[in-house]
Ligand code: SF4
């Protein structure tokens, strides 16, 4: 028996900017107040106005709104880029190193099937992966 996770030797990732993770099936992008404030500053809006325009309440939590097709409200369909990239929330920054993607090799394989940047590019070491995984539990 070993305590090492299956990805102890690291994992590869390099975003190809395909936009798959920002679009498609409905989901949630969880936000804390600090993230909301940074995003509001980025789009030069007051926090209250930003929340009314872009944030929805889900129980006790807050998530970004989506378009009716499931695309993130900040995904620019023309440029295929995030409009608040520099202030993107932890959930986006830490992709694909989420608990749910790392649970088993099979979960990671499915992540790679969905995200063409996962499994390619530079190797991330276990410390970096674990640091990102712990930042937000998804
Ligand atoms: S799905 Fe992967 S490769 Fe595509 S934009 Fe998201 S992180 Fe980048």
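Numbering (the numbering used here), first residue to last: 5 to 142.
Every residue, glycine too, gets a C-beta built ideally from N, C-alpha and C.
Because the structure is a prediction, the values reported are computed rather than measured.
Among the options, the one whose alpha carbon lies nearest that of residue i
i	options	result
residue 72	120, 88, 28	28
residue 138	123, 118, 109, 102	102
residue 43	19, 74, 24, 68	68
residue 90	110, 109, 40	40
residue 127	111, 100, 142	100
residue 36	20, 61, 129	61
Contact check, residue i vs residue j, beta carbons under 7 Å
i	j	result
residue 88	residue 78	yes
residue 133	residue 95	no
residue 22	residue 93	no
residue 125	residue 45	no
residue 74	residue 30	yes
residue 76	residue 26	yes
Range of the contiguous beta strand (DSSP E) that encloses residue i
i	result
residue 16	15 to 17
residue 46	Run containing residue 46: none in the beta strand (DSSP E); it sits in the alpha helix (DSSP H), 37 to 46.
Limits of the unbroken alpha helix (DSSP H) element including residue i
i	result
residue 51	51 to 58
residue 67	Residue 67 -> not in any alpha helix (DSSP H); beta strand (DSSP E) instead, spanning 65 to 68.
residue 124	Unbroken run through residue 124 is the beta strand (DSSP E), 122 to 128; no alpha helix (DSSP H).
residue 95	94 to 98
residue 105	103 to 106
Distance, residue j Cα to residue i Cα
i	j	result
residue 8	residue 34	29 Å
residue 70	residue 13	36 Å
residue 65	residue 118	26 Å
residue 48	residue 10	43 Å
residue 136	residue 82	30 Å
residue 105	residue 55	29 Å
residue 131	residue 51	34 Å
residue 129	residue 38	28 Å
residue 24	residue 32	14 Å
Buried or exposed by the 16-neighbour rule on C-beta atoms within 10 Å, applied to residue i
i	result
residue 59	buried
residue 108	exposed
residue 122	buried
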